[in-house]
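Under our numbering, residues 324 to 544 are what the sequence shown spells out, in order. Here is the structure we will look at, set down as structure tokens.
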Amino acid sequence: MRVEGVGFRYPNGHEALAGVDLALGPGILGLLGPNGAGKSTLMRILATLAKPGSGRVLWNGVDTAARPDALRAELGYLPQDFGVYPALSAREFLAYLAAVKGLPSRVAGERVDECLGMVGLAEAADRRLGGFSGGMRQRVGIAQALLNDPKLLIVDEPTVGLDPEERLRFRHLITDLAGQRLVILSTHIVSDIEASATTLAVMAKGRRLFHGEPEALVAQA
Ligand code: ADP
Ligand code: ADP
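What follows is the structure in structure tokens.
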């Protein structure tokens, strides 16, 4: 994926992004920056939920604003405000989302169980989501993002509100999932990604301050 000179301004005139460039291959991109840096705005653009005001995003060389479908078919997205239906079991909820996402019903059941297994929730599959901890809910969020076996997984501030143990577990999960995919994970907490990110992008006030290997950031500091 290539991000070329992306800028974005909200309708109220606030400039949330300016001239952001990124070149991304398989691995984990840690998008690091304080609240208000523009991380969520950038991730919504990468997930084709918003169009850049200037610049462009390329996926396999194709402009994602002009032709979003090619990327969407290969995209898993966990938004920051992901919510679950508390009355449903994890399996029921994912089966519902699989239907919404258009997974063929003959493969959906098996895929739901696979995804619950990948995030360590096989045992809890039939329990109501209302009784899940914050960390378990976030893993449900990852499971739903994996339903279509995405090549690009975008995860927005997944560790907010998690305790240290759940946060560590989440880090291991993300590392396991990277493999041949590109995972983009935003956070304002350095320890969430310093060990696992293959690439770091540091943002502040809508601008990219650094892009490169984590070691290079340490060397620069
Ligand atoms: P981050 O995810 O890094 O916290 P955001 O992308 O959410 O940053 O926000 C970037 C900037 O844009 C912030 O200053 C934020 O207040 C502003 N912003 C976010 N959403 C809106 C909106 N809908 N309208 C106007 N400004 C917004
Ligand atoms: P995030 O995913 O970082 O929470 P949001 O879009 O939900 O991004 O909002 C981030 C910040 O942007 C919020 O703190 C809020 O104050 C500000 N914001 C959101 N919507 C608007 C808006 N319509 N006008 C001005 N500021 C907004």
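Ideal Cβ placement from N, Cα and C applies to all residues, glycine included.
The DSSP-derived three-state label of residue 350 is strand. When rounded, the separation of the alpha-carbon atoms in residue 540 and residue 356 is 14 Å. A contact is defined here as three or more CB-CB pairs under 8 Å, and the segment 466 to 477 meets this definition with respect to the segment 390 to 406. Here residue 349 is not near residue 371, since their CB atoms are 9 Å or more apart. Counted as a single uninterrupted DSSP element, the stretch harbouring residue 416 is not any beta strand (DSSP E) but the alpha helix (DSSP H) occupying residues 413 to 423. With three or more CB-CB distances shorter than 8 Å, the segment 505 to 515 counts as touching the segment 480 to 489. With a contact defined as Cβ atoms closer than 8 Å, residue 393 and residue 385 qualify at about 6 Å. The Cβ atoms of residue 360 and residue 374 do not sit closer than 9 Å to each other. Contact annotation, residue 416 with residue 463: C-beta distance approximately 7 Å; criterion of less than 8 Å satisfied.
Residue 434: member of the alpha helix (DSSP H) spanning 428 to 441, first to last residue.
Contact between residue 452 and residue 408 holds, with the beta-carbon distance rounding to 6 Å and staying under 8 Å. In the three-state DSSP reduction, residue 499 falls in the helix class (H, G or I).
Under the three-state reduction of DSSP, residue 533 is assigned to strand. The closest heavy atom of ligand 1 lies less than 8 Å from the beta carbon of residue 509. For residue 479, the enclosing beta strand (DSSP E) has its first and last residue at 475 to 479. Going by DSSP, residue 464 is part of the alpha helix (DSSP H) stretching over 457 to 469. Distances taken from the Cβ of residue 537 to the heavy atoms of ligand 1 include none shorter than 8 Å. Per DSSP, residue 364 is one residue of the alpha helix (DSSP H) stretching across 362 to 369.
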